[in-house]
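Novice:
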Amino acid sequence: MPEHGSPTVRRRRLGQELRRLRERADLTGDQVAVRLGWSAAKISRIETARTSPRTSDVEALLLIYMVDSRQRQELLALHRDATRKGWWEDYRDSLPKEYTTFLGLEAEATAARDWEPQVVPGLFQTEAYVRAMMESGQRSTLEAPGGVRSRIEVRMARQQAVLRTDSPLAISAVLEESVLLRRFGDHEVMREQLRRLIEVSELPNVELRILPLDADHPINTGAFCHLKVPEFHDVVYLEALLGGRLVEDEAIVYRYEVAFDYLETKALDVDDSRRFLEKTVRHWR
Numbered sequence: 001m002p003e004h005g006s007p008t009v010r011r012r013r014l015g016q017e018l019r020r021l022r023e024r025a026d027l028t029g030d031q032v033a034v035r036l037g038w039s040a041a042k043i044s045r046i047e048t049a050r051t052s053p054r055t056s057d058v059e060a061l062l063l064i065y066m067v068d069s070r071q072r073q074e075l076l077a078l079h080r081d082a083t084r085k086g087w088w089e090d091y092r093d094s095l096p097k098e099y100t101t102f103l104g105l106e107a108e109a110t111a112a113r114d115w116e117p118q119v120v121p122g123l124f125q126t127e128a129y130v131r132a133m134m135e136s137g138q139r140s141t142l143e144a145p146g147g148v149r150s151r152i153e154v155r156m157a158r159q160q161a162v163l164r165t166d167s168p169l170a171i172s173a174v175l176e177e178s179v180l181l182r183r184f185g186d187h188e189v190m191r192e193q194l195r196r197l198i199e200v201s202e203l204p205n206v207e208l209r210i211l212p213l214d215a216d217h218p219i220n221t222g223a224f225c226h227l228k229v230p231e232f233h234d235v236v237y238l239e240a241l242l243g244g245r246l247v248e249d250e251a252i253v254y255r256y257e258v259a260f261d262y263l264e265t266k267a268l269d270v271d272d273s274r275r276f277l278e279k280t281v282r283h284w285r
């Protein structure tokens, strides 16, 4: 079972704390770099979590910042956690950088809010549905067959890490009705997929709602996922054809949060949504 927790988030926390300590010491990045014989770019990469520092690097910085013994031990422990390997690291070479960052944040999130107007959310997809969807995308984007296999493996590993764990992520999802009617694979693939949605809708950590096509559509946007990450800050991941974009600006993230709140008010409630799914299964006979 994949271990819960995210070195991505801890690396960012470490960088933020090192920056705070540098500023408290009234030092610039250039000044610290000169004292250590490093480049200023190295200081910046550590503080922005674009690189993972060695233990000796962290110890050198803490010595300059005159950190007491207790805080030194806390930050070195955070550094050890930040160097752990996340489950997604095995697939890093086959995934867009922004998506691997998203997976790292998701691993430490306590809640996710997912709006999907086109396809079944990745956490709820069956393997057959994923394969049919990926093969369709392969034809349109000329992706190599090996890439399709790897992305299917990632999708299944992500479900294992997020849903099949002792502390599963709390998920609220709103799906547009068209998702249930858009065919990937044959009718059997679609029947199996809708039955999977019914199953996950009964999980205690999942709230699944359907937005009917004849309902008021309050927003005009593509898919997005809003993550709540404790002791960090909320983020939004925007889906795209060849990757995605991570949004961290607090004002923009808040607007997505409000948009999702409104979507929930226009969608069916969870019980009516489950009945809607059961009825739609018959569409794929």
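So the sequence shown is numbered by the UniProt record's numbering: it starts at 1 and just counts up by one. Cβ coordinates follow ideal geometry from the N, Cα and C atoms, glycine included.
Under three-state DSSP, which class holds PHE184?
Specialist: coil
Novice: How many angstroms separate the CA atom of SER172 from the CA atom of ALA223?
Specialist: 14 Å
Novice: List the residues that DSSP assigns as beta-bridge partners of TRP115.
Specialist: VAL174, PHE224
Novice: Please look up how many angstroms separate the CB atoms of ARG196 and PHE124, rounded, as I've assumed it's under 8 Å.
Specialist: With 8 Å as the limit, ARG196 and PHE124 qualify as a contact, their Cβ atoms being about 6 Å apart.
Novice: Relative to the alpha-carbon of THR48, which residue among LYS228, LEU62, VAL9 has its alpha-carbon at the smallest distance?
Specialist: VAL9
Novice: Three Cβ pairs or more, each shorter than 8 Å: is that satisfied between the region 9-23 and the region 46-64?
Specialist: yes
Novice: Please report the straight-line C-alpha distance between TYR91 and TRP38, rounded to a whole angstrom.
Specialist: When the Cα atoms are used, TYR91 and TRP38 turn out to be separated by approximately 31 Å.
Novice: LEU14 and ALA82: beta carbons closer than 7 Å?
Specialist: yes
Novice: Please name the residue, chosen from GLU177, LYS97, GLU135, that lies closest to LEU268 on a Cα-to-Cα basis.
Specialist: GLU177
Novice: So what's VAL235 in DSSP terms, helix, strand or just coil?
Specialist: strand
Novice: Between which two residues does the beta strand (DSSP E) harbouring ILE210 extend?
Specialist: 206-211
Novice: Within its chain, find whatever has a CB closer than 6 Å to the CB of residue 302; leave out the 5 residues flanking it on each side and keep chain order.
Specialist: Lying outside 1 to 285, the shown extent of the chain, residue 302 is not represented and no answer is given.
Novice: Excluding five sequence neighbours on each side, which residues of the same chain lie with their C-beta closer than 7 Å to the C-beta of VAL235?
Specialist: LEU105, LEU227, VAL229, LEU246, VAL247, GLU248, VAL253
Novice: At what residue ranges does the region 10-87 contain a whole run of the alpha helix (DSSP H), taking only runs of 4 or more?
Specialist: 29-36, 40-47, 55-64, 69-82
Novice: Inspect the beta-carbon positions of MET190 and TRP87 and report whether they are closer than 7 Å.
Specialist: no
Novice: Between LYS266 and ALA215, is the Cβ-Cβ spacing less than 7 Å?
Specialist: yes
Novice: Quick one: what does DSSP say LEU103 is sitting in, helix, strand or coil?
Specialist: helix
Novice: According to DSSP, simplified to helix, strand and coil, what is THR141?
Specialist: Because THR141 sits at a pLDDT of 49, beneath the cut-off of 50, its placement in the model cannot be relied upon, and the following sentence gives the value as read from the coordinates. Reduced to three states, the DSSP call for THR141 is helix.
Novice: Could you please give the first and the last residue of the uninterrupted beta strand (DSSP E) stretch that includes ARG245?
Specialist: Looking at the DSSP string, the run of the beta strand (DSSP E) that includes ARG245 is 243-247.
Novice: Going by the DSSP bridge assignment, what does ALA240 pair with across the sheet?
Specialist: GLY243
Novice: Looking at the secondary structure, which residues open and close the alpha helix (DSSP H) in which ALA259 lies?
Specialist: Unbroken alpha helix (DSSP H) run through ALA259: 250-266.
Novice: Taking DSSP as the reference, what is the three-state secondary structure of LEU166?
Specialist: Looking at the sequence itself, residue 166 is Asp, so the reference to Leu does not match. If DSSP states are grouped into helix, strand and coil, ASP166 belongs with coil.
Novice: Can you name the start and end residues of the alpha helix (DSSP H) that GLU278 belongs to?
Specialist: 270-281
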